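This report concerns only the one structure given below.
Number of protein chains: 2
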Amino acid sequence: MSSLRSLDENLISHIPPFRKLERVDVREILDAATPKRFSAGQAIFEEHEPAERFYLLLDGHVRVVRTTAGGDQVIARHIVSGELMGIASALGRTTYPASAVAIDDCLVLFWPTNLWDTFTGKYDGFATETYKTVGARISEANNHILELATQQVEQRVARALMRLAIQSSRTTEEGMEIDFPLTRQNISEMTGTTLYTVSRLLSAWEKQGIVTSGRKKVVVTDMGKLKILADLDPLAES
Amino acid sequence: MSSLRSLDENLISHIPPFRKLERVDVREILDAATPKRFSAGQAIFEEHEPAERFYLLLDGHVRVVRTTAGGDQVIARHIVSGELMGIASALGRTTYPASAVAIDDCLVLFWPTNLWDTFTGKYDGFATETYKTVGARISEANNHILELATQQVEQRVARALMRLAIQSSRTTEEGMEIDFPLTRQNISEMTGTTLYTVSRLLSAWEKQGIVTSGRKKVVVTDMGKLKILADLDPLAES
DNA sequence: CGAATAGGTTGTTCTAGCACAAACTTAACC
DNA sequence: GGTTAAGTTTGTGCTAGAACAACCTATTCG
Chain A
27 MSSLRSLDEN
37 LISHIPPFRK
47 LERVDVREIL
57 DAATPKRFSA
67 GQAIFEEHEP
77 AERFYLLLDG
87 HVRVVRTTAG
97 GDQVIARHIV
107 SGELMGIASA
117 LGRTTYPASA
127 VAIDDCLVLF
137 WPTNLWDTFT
147 GKYDGFATET
157 YKTVGARISE
167 ANNHILELAT
177 QQVEQRVARA
187 LMRLAIQSSR
197 TTEEGMEIDF
207 PLTRQNISEM
217 TGTTLYTVSR
227 LLSAWEKQGI
237 VTSGRKKVVV
247 TDMGKLKILA
257 DLDPLAES
Chain B
27 MSSLRSLDEN
37 LISHIPPFRK
47 LERVDVREIL
57 DAATPKRFSA
67 GQAIFEEHEP
77 AERFYLLLDG
87 HVRVVRTTAG
97 GDQVIARHIV
107 SGELMGIASA
117 LGRTTYPASA
127 VAIDDCLVLF
137 WPTNLWDTFT
147 GKYDGFATET
157 YKTVGARISE
167 ANNHILELAT
177 QQVEQRVARA
187 LMRLAIQSSR
197 TTEEGMEIDF
207 PLTRQNISEM
217 TGTTLYTVSR
227 LLSAWEKQGI
237 VTSGRKKVVV
247 TDMGKLKILA
257 DLDPLAES
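Right, here's the structure in full:
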């Protein structure tokens, strides 16, 4: 027993991979977990590092990032609270395929990787639920490929913003405000473009009343119009 | 019992997900399998269709394709003999996320999707091995994203050709000949460019002795030079 | 509080690679 | 075996969006 107080079961009992588990199982899982805080900007794990742990994000936002040999960064995805991360270790990998960086202050739980097999074997819903997650991430990745290969920058940025607004925003009087700091540069790294182009797009959209944006802040004020931009097919003439 | 002769165990006993299994298990698995032939161009399964079966490709080559609303096609990957396909059904999906098309004449085995859980539960190495495959596909997809987001068309085409040559080629006097029909259009759909650009690149490379190409045929004659093109960082000045 | 820094905007230039067109070549098929 | 179709090559615009530069504005921190 460490000096940490025992973790509350309600912390994770509603989260998909654990939702179907018995109270006792949840207890066991929590007892095996180590909680840890990360402050904004800190790396949680790094690409290529041996994958010794898998994590559950309880609070905060995490960016999953890959870096090319040439130094370009690409943001693969964002993790919001309640999601597992670093689980690629559970897919036959021995190293992390990407780095995870805390965007704001984060609270995570982690377990040693060797417990993964115990979890999937012992707790029944766990395996199915997590593989569903994995399946969803494959689809996500493939959609991203499709977008990068076929769509214009404008559409890609529109889609990225839509996804963020849906996945992780709070609703204010203005509209849907993405609830973590997000720069033009960040958006460009999500969509394979430059920060300049993103800046111009946001300026234009602001004039059309689709978004409001400021320093590290983006608010979607008209989701309908944004969706039109996202779905717009540049080839199809009306 | 169907009129089909019993399938030979050697057919699959060396293939990764089955490699670690006992002879009896392999027998059982084969007895549950249905063999089927597809001729060049035929669809094996279609995107959005309910995923009622999962397949093992025994012979031939398969293209995994997605189509956008706008009608653009993107080739997600190629399946070569010995690989499983349509297993997304096993990742919590109920429909196929992409279409699979036979490139040449193919021989496959398939099982009803509901047997997946039996397989992963009953046959020990099976689960780990297939999830390793899944892990590899996620990595692949993420690499593809990285390439599309950061690299020039020339590099992407070079990389695609390298991968194909390594994954599926026969060695002739000329070099490594990709052992299935492959058009400029196909290459462009793998790399997010146009058939015109691919044609120009291949012409240029042919002059430099890197490849030889013809109708639906590509031979890599100088893998070393191709790798240099693939790794070339356009930003880094020497 | 004032400098330093991180983030944002906007103008200008330039080019990779797309679009379209037209002609050519190889394979397929009545 | 000649016609049709599928695949390829090459030329000529043309433009989306990258690159670079210069300047502006909000934060942070000593």
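Note that the protein sequences, when read in sequence, are chains A and B. Counting with this note's numbering, you get residues 27 to 264 for the letters of the first sequence. Counting with this note's numbering, you get residues 27 to 264 for the letters of the second sequence. Even for Gly, the Cβ is constructed at its ideal location relative to N, Cα and C. Computed from a predicted structure; not experimentally measured.
Discussion item. Counting C-beta neighbours from all protein chains within 10 Å, is the total for A/Asn212 16 or more, i.e. buried, or is it exposed?
Written reply: Position 186 of the first sequence, counted from the first residue, corresponds to residue 212 of chain A. A/Asn212 sits buried, since 16 or more C-beta atoms from the chains shown fall within 10 Å of its C-beta.
Fill in: Rounded C-alpha distance that separates B/Ala77 from B/Tyr122
Locating residue 77 of chain B in the second sequence gives position 51, counting from the first residue. Locating residue 122 of chain B in the second sequence gives position 96, counting from the first residue. Going from the Cα of B/Ala77 to the Cα of B/Tyr122 covers about 5 Å.
Item to complete: For A/Gly96, collect the residues of the same chain with a Cβ closer than 7 Å to its Cβ; drop the 5 residues on either side in sequence, then sort them by chain order.
Response: Within the first sequence, numbered from 1, the residue matching residue 96 of chain A stands at position 70. So the list is empty, once near-sequence residues are dropped.
Worksheet item: Alpha carbon to alpha carbon, what distance is there between B/Glu73 and A/Thr220?
Response: To locate residue 220 of chain A, count along the first sequence from 1; it is residue 194. To locate residue 73 of chain B, count along the second sequence from 1; it is residue 47. About 33 Å.
Practice prompt. Return the bridge partner residues of A/Tyr81 from the DSSP annotation.
Written response: Within the first sequence, residue 81 of chain A is the residue found at index 55, counting from 1. According to DSSP, which records beta bridges pairwise, A/Tyr81 is partnered with A/Met111, A/Phe136.
Discussion item. Can you check whether the C-beta of B/Ile175 is within less than 7 Å of a C-beta belonging to chain A?
Written reply: Within the second sequence, numbered from 1, the residue matching residue 175 of chain B stands at position 149. This sequence places Ala at residue 175 of chain B; Ile is not what is there. Yes, contact with chain A.
Discussion item. Which residues does DSSP list as the beta-bridge partners of B/Arg63?
Written reply: Here residue 63 of chain B refers to the residue found at position 37 of the second sequence. Its beta-bridge partners are B/Leu133.
Worksheet item: With DSSP run on the structure shown, which of helix, strand or coil describes B/Arg119?
Response: In the second sequence, the residue the question calls residue 119 of chain B occupies position 93. In the three-state reduction of the DSSP assignment, B/Arg119 falls in the coil class.
Discussion item. Excluding the 5 residues flanking B/Ile113 on each side, which residues of the same chain have their C-beta closer than 6 Å to its C-beta?
Written reply: Taking the first residue of the second sequence as position 1, residue 113 of chain B is located at position 87. Excluding positions up to five away in sequence, the list reads Phe80.
Practice prompt. Using a Cβ-Cβ cut-off of 7 Å, state whether B/Ser264 counts as contacting chain A.
Written response: Counting from 1 along the second sequence, the entry for residue 264 of chain B is found at position 238. Confidence at B/Ser264 is low in this model, with a pLDDT of 36, below 50, so the placement of that residue should be treated as unreliable; the coordinate-derived value is given next. No, its Cβ sits nowhere closer than 7 Å to a Cβ of chain A.
Worksheet item: So, A/Arg210 versus A/Val224, is the Cβ gap smaller than 7 Å?
Response: Here residue 210 of chain A is taken as the residue at index 184 of the first sequence, counted from 1. Here residue 224 of chain A is taken as the residue at index 198 of the first sequence, counted from 1. A contact, by the Cβ cut-off of 7 Å.
Practice prompt. Compare the Cα-Cα distances from A/His93 to each of B/Leu172, B/Val237, B/Lys253 and report the closest residue.
Written response: Here residue 93 of chain A refers to the residue found at position 67 of the first sequence. The residue asked about is misnamed: residue 93 of chain A is Thr in this sequence, not His. Of B/Leu172, B/Val237, B/Lys253, the residue nearest in Cα terms is B/Leu172.
Practice prompt. Whole angstroms is fine: what's the gap from B/Ile236's alpha carbon to A/Leu227's?
Written response: Sequence index remark: in the second sequence, residue 236 of chain B carries index 210 (1-based). Sequence index remark: in the first sequence, residue 227 of chain A carries index 201 (1-based). In this structure, the alpha-carbon of B/Ile236 lies about 41 Å from that of A/Leu227.
Item to complete: Starting from the Cα of B/Glu200, find the closest Cα among B/Asp57, B/Thr238, B/Ala102, B/Pro138 and give me that residue.
Response: Here residue 200 of chain B refers to the residue found at position 174 when the second sequence is read from its first residue. The residue with the shortest Cα to Cα distance from B/Glu200 is B/Thr238.
Discussion item. Please classify B/Ile192 as buried or exposed, where buried requires at least 16 neighbouring CB atoms within 10 angstroms.
Written reply: Position 166 of the second sequence, counted from the start, is the residue given in the question as residue 192 of chain B. Classification of B/Ile192: exposed, given that the 10 Å Cβ count is below 16.
Worksheet item: What residues in the region 62-83 of chain B have a beta carbon less than 8 Å from any beta carbon of chain A?
Response: Listed by position along the chain: nothing, the set is empty.
Item to complete: Within the same chain, show all residues whose beta-carbon is closer than 7 Å to that of B/Glu35, passing over the 5 residues directly before and after it, in chain order.
Response: Taking the first residue of the second sequence as position 1, residue 35 of chain B is located at position 9. Once the five neighbours on either side are set aside, the close Cβ partners of B/Glu35 are Arg49, Val52, Arg53, Leu56.
Worksheet item: Checking contacts by CB at 7 Å: is B/Asp98 closer than that to chain A?
Response: By 1-based counting over the second sequence, the position of residue 98 of chain B is 72. Yes, B/Asp98 lies at the interface with chain A (some Cβ there is under 7 Å from its Cβ).
Worksheet item: Across which residues does DSSP place B/Ser239 in a beta bridge pair?
Response: As a first step, residue 239 of chain B must be located in the second sequence, where it is residue number 213. Bridge partners of B/Ser239: B/Val244.
Worksheet item: How many Å lie between A/Met27 and A/Ile129 at the Cα?
Response: Taking the first sequence and counting its residues from 1, one reaches residue 27 of chain A at position 1. Taking the first sequence and counting its residues from 1, one reaches residue 129 of chain A at position 103. Here the model assigns A/Met27 a pLDDT of 45, short of 50, so the residue's position is not dependable, and the following value carries that caveat. Those two C-alpha atoms are separated by around 31 Å.
Fill in: Residues near A/Lys46 by beta carbon distance below 6 Å, same chain, minus five either side
As a working note, residue 46 of chain A is residue 20 in the first sequence. These residues qualify, in order along the chain: Gly151.
Item to complete: Using a Cβ cut-off of 7 Å (strictly closer), state whether A/Ile254 contacts chain B.
Response: Position 228 of the first sequence, counted from the start, is the residue given in the question as residue 254 of chain A. Output row for A/Ile254: interface = no.
Discussion item. Based on DSSP bridge pairs, tell me the residues matched to B/Met202.
Written reply: Indexing the second sequence from 1 puts residue 202 of chain B at position 176. Paired residue(s): B/Thr197, B/Val246.
Worksheet item: By the 10 Å Cβ neighbour count, where 16 or more other Cβ atoms means buried, how is A/Ala230 classified, buried or exposed?
Response: Taking the first residue of the first sequence as 1, we reach residue 230 of chain A at position 204. By the 10 Å Cβ count, A/Ala230 comes out exposed.
Worksheet item: For A/Ser99, which residues does DSSP report across the bridge?
Response: Numbered from 1 along the first sequence, position 73 holds the residue referred to as residue 99 of chain A. Sequence inspection shows Gln at residue 99 of chain A; the Ser mentioned does not correspond to that position. In DSSP, A/Gln99 forms a bridge with A/Thr93.
Worksheet item: Count the other CB atoms within 10 Å of the CB of A/Thr247; is the residue buried (16 or more) or exposed (fewer)?
Response: Counting from one through the first sequence, the residue named residue 247 of chain A turns up at place 221. It counts as buried.
Practice prompt. Provide the residue span of the beta strand (DSSP E) that contains B/Ser39, from first to last.
Written response: Numbered from 1 along the second sequence, position 13 holds the residue referred to as residue 39 of chain B. First-last for B/Ser39: undefined, no H or E at that position.
Worksheet item: Is the beta carbon of A/Ser311 less than 7 Å from the beta carbon of A/Leu83?
Response: As displayed, chain A neither begins before 27 nor continues past 264, which places residue 311 of chain A out of reach and without an answer.
Worksheet item: Excluding the five sequence neighbours on either side, which residues of its own chain have a C-beta within less than 7 Å of the C-beta of B/Glu180, listed in chain order?
Response: Locating residue 180 of chain B in the second sequence gives position 154, counting from the first residue. Cβ neighbours of B/Glu180 beyond the five flanking positions: Leu227, Leu255.
Item to complete: State yes or no: is the beta carbon of B/Thr209 nearer than 7 Å to at least one beta carbon in chain A?
Response: In the second sequence, the residue the question calls residue 209 of chain B occupies position 183. Not one chain A Cβ lies under 7 Å of B/Thr209.
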